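The structure under discussion appears below in the form of structure tokens.
Below is the structure:
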């Protein structure tokens, strides 16, 4: 209940501040909107080494899509390609009808919390406010409205009371929530999350999922890379199964077949590092 | 007594000029140093100080003392650009690329200076500087650099913070990280150039790193860290000069002033090392309300893998 109130406040604020350059375009799902991301037989590469080849499919606006595949299979690379940070060497990736680099202002990215230095002298609310930096612009200080948006996003992930703490003092799951809150303050049309549930406790996982639900209710498209197959079944409309190349892209239940999983994961299909993440019942 | 030690020496004009110079340098290097320490760029800063060396020598050979700063400036900018590109490419690994550039620049400088008759004397001056011979023109130069660098750091504080904390997200948000890196590297290079006559190329690395590292030990708040770093840089300069004057004049022990400044900074660092844990723990405890400690989700991270709950997802 509280969640809903907070979310409507966030979007109300977004509408109010639309005249200062905040781009929130409501997506009407009934109107069969143009797709959020189009992969057109896309291959991405670091230097000359292709990491992921022949990705072909569509992320529909407002949908939540899981990127599934083993580590090193190219999930993170694909997310970076959607951001335009890794070159598409063949084929094409179109984001919100534009090239990936041009779409960045409407795309928010949530990195894995554990890549960030836990000793860094920065407070939780400072981290969340970073999401507003593009809107604030160079040189200028954050406005009151920016701080309000940041506070509301932090509340939406259930960490309103931790704003003054140093980022590194939070648990891994809480840090992940802070990073999601930061992405929320960007008021994105497309949200990209890189393995947000790795090493995250159940409560933080729930908090992340409910905040993501709030965003989806507001029309945000979500692409999430994960190991968690049941999360894909529960929360995602579609999945893209990748390991160096694409093993399937489409509605979750139809795509995550045991055959495809075995093909993508090889011998790891039954057991992935003992975490029981991939357990296929034929 | 204290005023005799800390104030009286600076009644002399050359000591006063030296004091103004080290205060400016300390503040400047302390501020830039915060980013050097947070980005873990101490080695890059060290490489820059060495890369500036041949510029100093060439400048000196071309037009004497007045050529040092222009020569240093040219090489500093060149090195900053080269280092930024090398780091962005990172084919060989950043540290190896830096080491190659560092040694080749430094070797070039030594080869050039070794052709001079007064080889060792010149080398010493270039490496360790002569803060007591600083003139007012140089103070003006340092002041201009300090103001310019301060303005740039202030203008880009948000973006530099974001890039320092989270490079990937900075890129994802559309910031040109290479450009931000170039700006910071140029700022570091400018500090080295400003410091080159006073403390030499080698010791300027201490001005950049030590005050900021000491400040970092005392606070978790970036604004406080920056303030303390500036303060330590200035205090170290002041106390170092006073100590070297006292030792040299009243005790007949010749202490190189630039090096004494560095030692004063190191003393601050050691003190901060001892005091830091106490101060920071107290602040953290004071900052948190009791109910926050019992946060609903204070579960140990990572104990519950998502899959453990949800295994067998595929039928």
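Chains as they are written, first to last, in our numbering: chain H, 1 to 282; chain W, 283 to 597. For every residue, glycine included, the Cβ atom is placed at its ideal position computed from N, Cα and C. Note that this is a predicted model, so its numbers are computed, not measured.
- In the structure shown, the three-state DSSP call for residue 246/H is strand.
- At a cut-off of 8 Å, the C-beta of residue 504/W has a neighbouring C-beta in chain H.
- Legend: CB atoms of the segment 78-89 of chain H lying less than 7 Å from CB atoms of chain W belong to residues 83, 85.
- At a cut-off of 3 residues, the continuous stretches assigned as beta strand (DSSP E) that sit fully inside the segment 193-232 of chain H are 221-226.
- Secondary structure at residue 97/H: coil, using DSSP grouped into helix, strand and coil.
- Scanning chain H for C-beta atoms nearer than 8 Å to the C-beta of residue 445/W yields nothing, as the closest lies near 10 Å away.
- Among the residues of chain W, those whose CB is under 8 Å from the CB of residue 116/H are 447, 448, following chain order.
- In the same chain as residue 408/W, and ignoring 5 residues on each side of it, the C-beta atoms closer than 6 Å to its own belong to 338, in chain order.
- By the C-beta density criterion, residue 556/W is exposed, having fewer than 16 other C-beta atoms within 10 angstroms.
- Under the Cβ distance rule, residue 429/W does not count among the residues neighbouring chain H, no pair being separated by less than 8 Å.
- 8 Å or more divides the Cβ of residue 84/H from the Cβ of residue 51/H.
- In this structure, the beta-carbon distance from residue 82/H to residue 223/H falls below 8 Å.
- Nearest to residue 77/H by C-alpha distance, out of 57/H, 46/H, 99/H, 221/H, is 46/H.
- Taking a C-beta distance under 8 Å as the contact criterion, residue 474/W and residue 385/W do not qualify as a contact pair.
- Contact note: residue 104/H reaches chain W through 454, 455, 456, using a C-beta cutoff of 8 Å and chain order.
- Secondary structure note for residue 54/H: it is in no alpha helix (DSSP H), and the uninterrupted beta strand (DSSP E) holding it is 49-59.
- Contact annotation: the segment 99-107 of chain H does not touch the segment 151-162 of chain H, with fewer than three C-beta pairs closer than 8 Å.
- A Cβ-Cβ separation of about 20 Å leaves residue 513/W out of contact with residue 327/W under the 8 Å criterion.
- Taking a beta-carbon distance threshold of 8 Å, residue 120/H counts as an interface residue toward chain W.
- Between residue 234/H and residue 260/H, the gap from beta carbon to beta carbon reaches 8 Å or more.
- DSSP places residue 171/H outside both helix and strand once states are collapsed to three, so it counts as coil.
- Rounded to whole angstroms, the separation of the alpha carbons of residue 525/W and residue 389/W is 34 Å.
- In the three-state reduction of the DSSP assignment, residue 457/W falls in the coil class.
- Remark: C-beta atoms of residue 121/H and residue 448/W do not approach each other more closely than 8 Å.
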